[in-house]
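Peer 1:
4 protein chains.
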Amino acid sequence: MKKLRWGMIGGGEGSQIGPAHRLGSSLDGLFEFSAGALDHRPQEGIEYGQKLGLGERAYGSWQDMLTAEKKRDDRIDLVTVATPNSTHFEITKEFLESGFNVLCEKPMTMTVEEGEEIVKISKKSGKICAVNYGYTGYSLVRHMKAMIQRGDIGKIRLVNAEFSHGHHADAEDANNPRVRWRYDPAQAGVSAQFADCGIHAMHMASFVTGQEVTKLSADTVSCLEQRVLEDDAMVNFRMDGGAVGRLWTSSIAIGRQHGLGIQVFGETGGLRWSQEQPNQLFYMPLNKRLQIIERGEANLSPEADRTSRVTIGHAEGMPLAFANIYTDLAEAINAEKEGRKMNPAADLYPKAIDGLRSMAAVVAVSKSGKQNGKWLDARPPMFQ
Amino acid sequence: MKKLRWGMIGGGEGSQIGPAHRLGSSLDGLFEFSAGALDHRPQEGIEYGQKLGLGERAYGSWQDMLTAEKKRDDRIDLVTVATPNSTHFEITKEFLESGFNVLCEKPMTMTVEEGEEIVKISKKSGKICAVNYGYTGYSLVRHMKAMIQRGDIGKIRLVNAEFSHGHHADAEDANNPRVRWRYDPAQAGVSAQFADCGIHAMHMASFVTGQEVTKLSADTVSCLEQRVLEDDAMVNFRMDGGAVGRLWTSSIAIGRQHGLGIQVFGETGGLRWSQEQPNQLFYMPLNKRLQIIERGEANLSPEADRTSRVTIGHAEGMPLAFANIYTDLAEAINAEKEGRKMNPAADLYPKAIDGLRSMAAVVAVSKSGKQNGKWLDARPPMFQ
Amino acid sequence: MKKLRWGMIGGGEGSQIGPAHRLGSSLDGLFEFSAGALDHRPQEGIEYGQKLGLGERAYGSWQDMLTAEKKRDDRIDLVTVATPNSTHFEITKEFLESGFNVLCEKPMTMTVEEGEEIVKISKKSGKICAVNYGYTGYSLVRHMKAMIQRGDIGKIRLVNAEFSHGHHADAEDANNPRVRWRYDPAQAGVSAQFADCGIHAMHMASFVTGQEVTKLSADTVSCLEQRVLEDDAMVNFRMDGGAVGRLWTSSIAIGRQHGLGIQVFGETGGLRWSQEQPNQLFYMPLNKRLQIIERGEANLSPEADRTSRVTIGHAEGMPLAFANIYTDLAEAINAEKEGRKMNPAADLYPKAIDGLRSMAAVVAVSKSGKQNGKWLDARPPMFQ
Amino acid sequence: MKKLRWGMIGGGEGSQIGPAHRLGSSLDGLFEFSAGALDHRPQEGIEYGQKLGLGERAYGSWQDMLTAEKKRDDRIDLVTVATPNSTHFEITKEFLESGFNVLCEKPMTMTVEEGEEIVKISKKSGKICAVNYGYTGYSLVRHMKAMIQRGDIGKIRLVNAEFSHGHHADAEDANNPRVRWRYDPAQAGVSAQFADCGIHAMHMASFVTGQEVTKLSADTVSCLEQRVLEDDAMVNFRMDGGAVGRLWTSSIAIGRQHGLGIQVFGETGGLRWSQEQPNQLFYMPLNKRLQIIERGEANLSPEADRTSRVTIGHAEGMPLAFANIYTDLAEAINAEKEGRKMNPAADLYPKAIDGLRSMAAVVAVSKSGKQNGKWLDARPPMFQ
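Residue numbers (the working numbering), protein chains in the order written: chain A, -15 to 368; chain B, -15 to 368; chain C, -15 to 368; chain D, -15 to 368.
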């Protein structure tokens, strides 16, 4: 089993995202960290890359990296784009067009138009363009999807998702640059808390139900006066399979640490899962009792089994969920290399189209919020 | 300490509400069950009343009861109206006008106009008109209100309340008369799930924050085809002290048993409480740790202390919370009899004005739901 | 339905136990508080009794009460003994011998010999002698017993019970008289924490399994130097149906508020219940999933149904559990009065024999603790 | 930062332990998998090693591996022994004596005498001999230790630890070879459930309190008839700093998935942690409120900070805890290589002496269990 070659752009020294991707990509021993342009400052990037063992494949810029890697026979199999948000589009585009597989940090782009372009390029190139909505990597989120798909809770009536925390609630800390940029349209775009956290919950709603959001209405507020963008939003939506959606996201919910959770209610049952207790899935079949599905228990779906690493009762957490995205990608890449069909249970990583749909939803939330909650089409133009 | 005399209209043999009120009123030994018109069928009402020890004060109709009790020197000190919703207005009105104190089951009236009339009559008569939003009787809900009032979590930014259960989710059971009437406008009025459950959550939001709802926007849906009225609603609202509100209510949330809960977020802290775990209040002071306040612990507020009956660690439940409403009323009545000011910590029972405001909110939710979530004034005309 | 007449000895002004018994006895409207000798100081007792509406049946001493009540045609149907522990035996004995039904606070007696005497008197007199192990009144504890009895978890292998709190952990508070007497052999007898709390857990183990403790081994310690009696004990035991038992009790477990809980493991399933979350019972059938049984759900056992008062999802707490003991007793008394068999689902109140067995266990724990955990017979001599 | 070279003995294809160690050792990028004798069948071991990329350093036996590695300049820096229990002693001994650092799976040896020998060899050689009690790698377990060490809960009075699950409760599955060998003295030694699981809880009690077990008394039972060794045990113990201990372990506790947990009670506070919810630590300071310490929160101890990888609110699980042991070892090895003192916050990996003490405790539990719970010295002879 030869390791795949993996490269990263961004994720320089001191960043949080760099170690997370290195951990995620290496966890199952499927990727080898082979190349990188880790810092926008060329010298720092090269030095840090060499320190991490990249040798001559530690580059000073993503442009240099692209030029050099294109020429190599042992070119990287996958590149992760973990740079500031505004550069995602350009870098992803260039690498896709040059025939590389890409995993892009969210948001994939800053506009819907760019998103559509990436989707088209990805399709045309035949290359993978994945987007990092990593929470869907949890084993029991995969199982939830599988249960819904096979009809365990019947036709879906309603999804209630949330992602609410309290880490931006301190007015005295609001001007701290680490926090402030998120609420500044010049840096963050049209949305703050929804684009940062809420979109994970909305993507998860689509992921587990297999339905896409068609229209939405949003109530967005800035609880701290100095903020232009929202720090709290309530979004109602409808999905293309008939499901109704509710989604609450907040960054001022003091006492909540993370707060990503989802409840799905169908005609014959209900499911509930929360990121802070990710190893249990609460399942209630209609007119029966609430039961607790444990990660790692016998006879789970193939989608859950292959994303579970330790025995039942041993907690698994976010780093392993994140690694599952890389493991999916390795399977996709290897399948292509080997000219076989990939394991369908692995074809669950978020794709360019998810990045595009998410961007369209972010724009719709922002617009609806400014228009007293007017119901707006939440789909990208190409799907309207 | 002489017991007060208590009467009940409705709550006949086999009803759930009758035993609940008898339990609540007698629990602290402050009221004696003295009179009643317990059934709309005169003979059955008299017989059941006599069986319960009412003797000659077991009446065949509320009209007979009113006529007879008015003439007695030992007339009842409080009458509870626990009849079908559409009769609440008339009975409450008549008893108030004849100088009786009234505790009316919710909803107090079927229209906002009637609600305004009751508020005026109650004011004019000087008599108590209470409405049974009994969940506010919980000791830690009282403490939550006291903490907010004294500033423990600063100015309130946001309230998130919910009351979602799954007991009407079964499509096969939807035509069961016990369930069906609730979704039939002819019997239930303009709203089903919001009027039935959601309004408890909204009242609680007002109760704990001390703020009134001014405007709202609602997304109401009927997940079961055969239903005219909503079985799920999301309501966004604003309060007169500046708080933002979110409220979700559902009767199709399979796996939820009760689901009344509230989270309040202020500038310097957050609070969280749930009816299914009512003896703990979760409190997070800004930048500190989540801590668990236990019912019955030392140094709680007077409002919590007087509504707590057993020592810390022993669960207290709904019947005791409900009894607290009666205990508040006994204090109000006794204080008036004795010509003294009532204990302010007891002046927390829901009043006619709460019944009126709730009715206005129900109407606004129904209208907004039909107008794509248009923001509407949620206040009764007399407060607009 | 005529109310039964109820009397109480002890439970004077300011006590905690008095209001608890008045609440418990009156909750279902089955008993009327008719007589009492509420204080060891005659004048105070009479005045307080009159204040509570007892009139001439407010007595200055239990002896006066016994003499007077014996002569009345409307003599009390049940007397509760809530005096200091050392007086339980004498009062219980005298009332039983005079033909009264008795509910005695725990411990029923201070010695095993006295316990045997009470058992014999009770049997001879044909009168009820109940002992207040009130935690067994919880609806789901009753259901647990019913499930085990009908074989839902197969033959019982092991019971693990505990009752550990942290309310006596403060060394500075240890000389507070309210705390100190409990650890003083002169006042408390041979055992402190086990006799006070642990015995509730042991009784519950017997109650739910239907098995009696035959032998035991105890490790008792005093974590606070100034204490003679134990503030922490671990007891291993064996039961007459073959079950193995473990029981931990502590009063120095800082962070635990109450801590009464029980786990039962059989050949085909396991059950777990805790007093701080009394409305849920966790049930795992062998090789299946953990499921949550809710108080008030459909199709529970008759034993659970009759002890559940409010609908599913509404918390019920200790006062209602306690009231169930009184409701059992009312059924027992009424059945006898009416010359019929009592409802077997109500014949679950703790009896003199339970008080006796508990006393024998307390003595055995104390002795074993002093003999390095030597295994000792835990049965009263009359059952050895 | 050059990677250390790591080798493994055992952990062949299809084993659970092999992937766990590979994951743990590689997670932080500190070790490179360089050599291995992965299977007792030479050919299979070499093939699997080559498949995993070991090339010529894939050996057919641990003896071959020892011989070859000794001669290399780039010899492995650490070898993990993950072979069947009965071979741990010999392999560990040989590698230590040849100057290798060793991480041995538990149990380190099958007898106390062998354990003492390993301790002596390790000391003499100056090489690391670590033993894999991996649960102590959890960030909040480290923090618990740090809090106790700095006196946050005062002098320790009592520890209550448990490790109880229900995975061996099925009588029909008891003869399944995968289960049966554990209860067979010929294969498992003197103890089953205590040696397998209970010892983790006992080690954790020592780890967090910094106290060693001096004597103990055990009640061991076999709930399934066909078993010779115990499937349930209750152990009382005393520690050299004065703490009292209680420890329950079971494999027949149906409904429990994992069940490793610990509670520590001191003079001024209490702490509680459970492996199934490892990202929260419950802390109650005396006479204050229960508070929840979150993994990753600000201002934790250095011991917790360095073992926490993702931000607060994101669950971390067992694989990361396990990796912390390897990260500790890398720091120890690198410090020695660099001739500096190691980070004291990393010097927390379990050592040969812990393996020895554990073996002595296992033997004492087994003996005490056969002698009606007689109190026995639990220390190895060299510490008596």
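Cβ atoms here follow ideal geometry from the backbone N, Cα and C, with glycine treated the same way.
All values reported here derive from a predicted model rather than from experimental measurement.
DSSP three-state call for residue 180/C: helix, strand or coil?
Peer 2: Mapped onto the third sequence, residue 180/C falls at position 196. If DSSP states are grouped into helix, strand and coil, residue 180/C belongs with the helices.
Peer 1: Spatial neighbours of residue 232/A within its chain, please: CB distance less than 7 Å, with the 5 preceding and 5 following residues excluded, ordered by chain position.
Peer 2: As a working note, residue 232/A is residue 248 in the first sequence. Correct list, in chain order: 146, 148, 218.
Peer 1: Within its chain, find whatever has a CB closer than 6 Å to the CB of residue 330/B; leave out the 5 residues flanking it on each side and keep chain order.
Peer 2: Within the second sequence, residue 330/B is the residue found at index 346, counting from 1. For residue 330/B, where only same-chain residues beyond five positions count, the Cβ hits under 6 Å are 312, 315.
Peer 1: Any beta carbon of chain C sitting closer than 8 Å to that of residue 270/A?
Peer 2: Stepping through the first sequence from its first residue, residue 270/A is reached at position 286. By this cut-off, residue 270/A is not an interface position.
Peer 1: What whole-angstrom Cβ distance do residue -2/C and residue 66/C have, given they're in contact under 8 Å?
Peer 2: Stepping through the third sequence from its first residue, residue -2/C is reached at position 14. Stepping through the third sequence from its first residue, residue 66/C is reached at position 82. About 13 Å separates the two Cβ atoms, so there is no contact after all.
Peer 1: Could you tell me whether any Cβ in chain B is nearer than 8 Å to the Cβ of residue 275/D?
Peer 2: Position 291 of the fourth sequence, counting from 1, holds the residue named residue 275/D. Interface flag for residue 275/D against chain B is set, since a Cβ pair is found closer than 8 Å.
Peer 1: Judging by CA-CA distance, which residue of 44/D, 90/D, 302/D is the nearest neighbour of residue 71/D?
Peer 2: Counting from one through the fourth sequence, the residue named residue 71/D turns up at place 87. Selected option, being the one with the closest Cα: 90/D.
Peer 1: Could you give the distance in angstroms between the alpha-carbon of residue 100/D and the alpha-carbon of residue 342/D?
Peer 2: By 1-based counting over the fourth sequence, the position of residue 100/D is 116. By 1-based counting over the fourth sequence, the position of residue 342/D is 358. Whole-angstrom Cα-Cα distance: 11 Å.
Peer 1: Nearest-angstrom Cα distance between residue 239/B and residue 188/A?
Peer 2: For the purposes of this step, residue 239/B is taken as residue 255 along the second sequence, with counting starting at 1. For the purposes of this step, residue 188/A is taken as residue 204 along the first sequence, with counting starting at 1. Their Cα atoms are separated by approximately 20 Å.
Peer 1: Within 10 angstroms of the Cβ of residue 302/D, are there 16 or more other Cβ atoms? Answer buried if so, exposed if not.
Peer 2: Taking the fourth sequence and counting its residues from 1, the one referred to as residue 302/D is at position 318. Counting Cβ neighbours within 10 Å, residue 302/D comes out buried, since at least 16 surround it.
Peer 1: Quick check on the DSSP output: what are the complete alpha helix (DSSP H) runs of length 4 or more inside the region 118 to 165 of chain B, in order along the chain?
Peer 2: 123 to 133, 161 to 164
Peer 1: Do the CB positions of residue -9/C and residue 29/C come within less than 8 Å of each other?
Peer 2: Counting from 1 along the third sequence, the entry for residue -9/C is found at position 7. Counting from 1 along the third sequence, the entry for residue 29/C is found at position 45. Cβ atoms of residue -9/C and residue 29/C: not closer than 8 Å.
Peer 1: What are the residues in the region 191 to 208 of chain D lying within 7 Å of chain C by C-beta distance?
Peer 2: Listed in sequence order: 201, 203, 205, 207.
Peer 1: Got a sec: which bits of the region 136 to 152 of chain D sit with their beta carbon under 7 Å from any beta carbon on chain A, in order along the chain?
Peer 2: 149
Peer 1: Just reading off the beta strand (DSSP E) that residue 278/D is part of, what are its end residues?
Peer 2: Locating residue 278/D in the fourth sequence gives position 294, counting from the first residue. Counted as a single uninterrupted DSSP element, the beta strand (DSSP E) harbouring residue 278/D occupies residues 274 to 278.
Peer 1: Leaving aside the five residues before and after residue 305/D along the sequence, list all residues of the same chain whose C-beta is less than 6 Å from its C-beta, in chain order.
Peer 2: To locate residue 305/D, count along the fourth sequence from 1; it is residue 321. Correct list, in chain order: 121, 122.
Peer 1: Determine whether the Cβ of residue 285/B lies closer than 8 Å to any Cβ atom of chain A.
Peer 2: On the second sequence, residue 285/B is found 301 positions in, with the first residue counted as 1. At a cut-off of 8 Å between C-beta atoms, residue 285/B does not count as an interface residue with respect to chain A.
Peer 1: Here's a check: name, in chain order, each residue in its chain whose Cβ is nearer than 7 Å to the Cβ of residue 138/A, leaving out the five neighbours to either side.
Peer 2: Numbered from its first residue, the first sequence carries residue 138/A at position 154. Here the set comprises 250, 251, 252, 253.
Peer 1: Run the CB neighbour count on residue 247/A, radius 10 Å, all protein chains shown included, and call it buried at 16 or more, exposed below.
Peer 2: The residue you call residue 247/A lines up with position 263 of the first sequence. With 16 or more other Cβ atoms within 10 Å, it is buried.
Peer 1: Among residues of its own chain, excluding the 5 on either side of residue 83/A, which ones have a beta-carbon nearer than 7 Å to its beta-carbon?
Peer 2: Start at 1 with the first residue of the first sequence, and residue 83/A comes out as number 99. Non-local C-beta neighbours of residue 83/A in its own chain, meaning closer than 7 Å and more than five positions away in sequence, comprise 109, 111, ordered along the chain.
Peer 1: How would you list, in chain order, the residues of chain D whose beta-carbon sits under 8 Å from the beta-carbon of residue 26/A?
Peer 2: Your numbering for residue 26/A matches position 42 in the first sequence. Those do not exist, as residue 26/A stays about 21 Å from chain D at its closest Cβ, beyond 8 Å.
Peer 1: Helix, strand or coil: which one does DSSP assign to residue 100/C?
Peer 2: Here residue 100/C is taken as the residue at index 116 of the third sequence, counted from 1. In the three-state reduction of the DSSP assignment, residue 100/C falls in the helix class, which pools H, G and I.
Peer 1: Only counting the same chain, and skipping five residues up and downstream in sequence, which positions put a Cβ closer than 7 Å to that of residue 207/B?
Peer 2: By one-based count along the second sequence, residue 207/B stands at place 223. Closer than 7 Å at Cβ, skipping near neighbours: 215, 216, 236.
Peer 1: Tell me which residues share the same chain as residue 54/D and place their Cβ nearer than 6 Å to its Cβ, disregarding the 5 neighbours each side in the sequence.
Peer 2: For the purposes of this step, residue 54/D is taken as the residue at position 70 of the fourth sequence. Once the five neighbours on either side are set aside, the close Cβ partners of residue 54/D are 82.
Peer 1: Is the beta carbon of residue 49/A sitting closer than 8 Å to the one on residue 102/A?
Peer 2: On the first sequence, residue 49/A is found 65 positions in, with the first residue counted as 1. On the first sequence, residue 102/A is found 118 positions in, with the first residue counted as 1. Against a cut-off of 8 Å, the Cβ pair of residue 102/A and residue 49/A comes out as no contact.
Peer 1: For residue 251/D, name the three-state secondary structure that DSSP assigns.
Peer 2: Sequence index remark: in the fourth sequence, residue 251/D carries index 267 (1-based). DSSP places residue 251/D in the coil class of the three-state scheme, outside both helix and strand.
Peer 1: Between residue 309/A and chain D, is the shortest Cβ-Cβ distance under 8 Å, so that the two count as touching?
Peer 2: For the purposes of this step, residue 309/A is taken as residue 325 along the first sequence, with counting starting at 1. The beta carbon of residue 309/A sits no closer than 8 Å to any beta carbon of chain D.
Peer 1: Taking C-beta to C-beta, are residue 345/A and residue 197/A nearer than 8 Å?
Peer 2: The residue labelled residue 345/A in the question sits at position 361 within the first sequence. The residue labelled residue 197/A in the question sits at position 213 within the first sequence. Going by C-beta atoms, residue 345/A is nearer than 8 Å to residue 197/A.
Peer 1: Would you kindly check if the distance between the Cβ of residue 142/C and the Cβ of residue 52/C is under 8 Å?
Peer 2: Mapped onto the third sequence, residue 52/C falls at position 68. Mapped onto the third sequence, residue 142/C falls at position 158. No, the pair does not count as a contact, with Cβ atoms beyond the cut-off.
Peer 1: Would the beta-carbon of residue -12/B fall within 8 Å of that of residue 22/B?
Peer 2: Numbered from its first residue, the second sequence carries residue -12/B at position 4. Numbered from its first residue, the second sequence carries residue 22/B at position 38. Against a cut-off of 8 Å, the Cβ pair of residue 22/B and residue -12/B comes out as no contact.
Peer 1: For residue 251/A, which residues in chain B fall below 7 Å Cβ to Cβ?
Peer 2: Stepping through the first sequence from its first residue, residue 251/A is reached at position 267. The contacting residues are 155.
Peer 1: Check whether the Cβ atoms of residue 287/A and residue 130/A sit closer than 8 Å, and answer yes or no.
Peer 2: Indexing the first sequence from 1 puts residue 287/A at position 303. Indexing the first sequence from 1 puts residue 130/A at position 146. Contact: yes.
Peer 1: Write down the C-beta distance between residue 118/D and residue 309/D rounded to the nearest angstrom, noting that I regard them as a contact closer than 8 Å.
Peer 2: If you number the fourth sequence from 1, residue 118/D lands on position 134. If you number the fourth sequence from 1, residue 309/D lands on position 325. Their Cβ separation, rounded to whole angstroms, is 6 Å, which keeps residue 118/D and residue 309/D in contact under 8 Å.
Peer 1: Could you pull out every residue in the same chain whose Cβ sits closer than 6 Å to the Cβ of residue 234/C, ignoring the five residues on either side in sequence?
Peer 2: On the third sequence, position 250 is the one that residue 234/C refers to. In its chain, beyond the 5 residues on either side, 148, 216 have a beta carbon closer than 6 Å to the beta carbon of residue 234/C.
Peer 1: Within 10 angstroms of the Cβ of residue 203/B, are there 16 or more other Cβ atoms? Answer buried if so, exposed if not.
Peer 2: Taking the first residue of the second sequence as position 1, residue 203/B is located at position 219. By the neighbour-count rule (16 or more Cβ atoms within 10 Å), residue 203/B is buried.
Peer 1: Measure the alpha-carbon distance for residue 61/A versus residue 24/D and round it to whole angstroms.
Peer 2: As a working mapping, residue 61/A is identified with position 77 in the first sequence. As a working mapping, residue 24/D is identified with position 40 in the fourth sequence. Roughly 36 Å between the two C-alpha positions.
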